[in-house]
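J.: What follows is a structure written as structure tokens; I'll ask about it next.
In full-length UniProt numbering, the protein residues as written are 1 to 110.
Here it is as structure tokens:
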């Protein structure tokens, strides 16, 4: 798959690299979609040791983003960013497929 399917912004890559270095783990962020949340689907983030066989992998500044085959259909065209604001700092998914979302930005509906 090409990087246009889903991409990792440099801000997110930098933050993942920092977290992975502190934990002594590979700089690999796993993004998946699960049922639930206040809008129907929710994003789940976690560090991964290695990509799985059916994962789509994209790389930015030496940091890899891995997404499973099922979640990719709901994330196509998305950009994962790391955003800092007065309310705190968090990873955010800009998903063009999301018809609506919740105030916290962690769940969405299609």
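Ideal Cβ placement from N, Cα and C applies to all residues, glycine included.
(1) Helix, strand or coil, according to DSSP, for residue 20 in the structure here?
(2) Would you please verify whether the beta carbon of residue 28 is less than 8 Å from any beta carbon of chain C?
(3) Using 8 Å for Cβ pairs, my map puts residue 7 next to residue 71. What's the rounded Cβ distance?
(4) Please state whether DSSP places residue 75 in a helix, a strand or coil.
(5) Quick check on the burial criterion: 16 or more other C-beta atoms within 10 angstroms. Buried or exposed for residue 78?
(6) If you drop the 5 nearest sequence neighbours on each side, which residues of the same chain put their C-beta closer than 6 Å to that of residue 27?
(7) Which one or two residues does DSSP pair with residue 31 in a beta bridge?
(8) Rounded to whole angstroms, what's the CA-CA distance from residue 22 to residue 80? Just pull it up for me.
(9) Given that a residue counts as buried once 16 or more other Cβ atoms are within 10 Å of its Cβ, and exposed if not, what is residue 55?
(10) DSSP has residue 85 in a bridge; who is on the other side?
T.: Quick answer:
(1) helix
(2) Protein chain content of the structure displayed is limited to a single chain, and chain C is not contained in it.
(3) At roughly 15 Å, the Cβ-Cβ gap does not stay under 8 Å, so residue 7 and residue 71 are not in contact.
(4) DSSP places residue 75 in helix when its eight states are reduced to three.
(5) buried
(6) 16, 17, 20 and 63
(7) 45 and 67
(8) For residue 22 and residue 80, the distance between alpha carbons rounds to 21 Å.
(9) buried
(10) Partner(s): 88.
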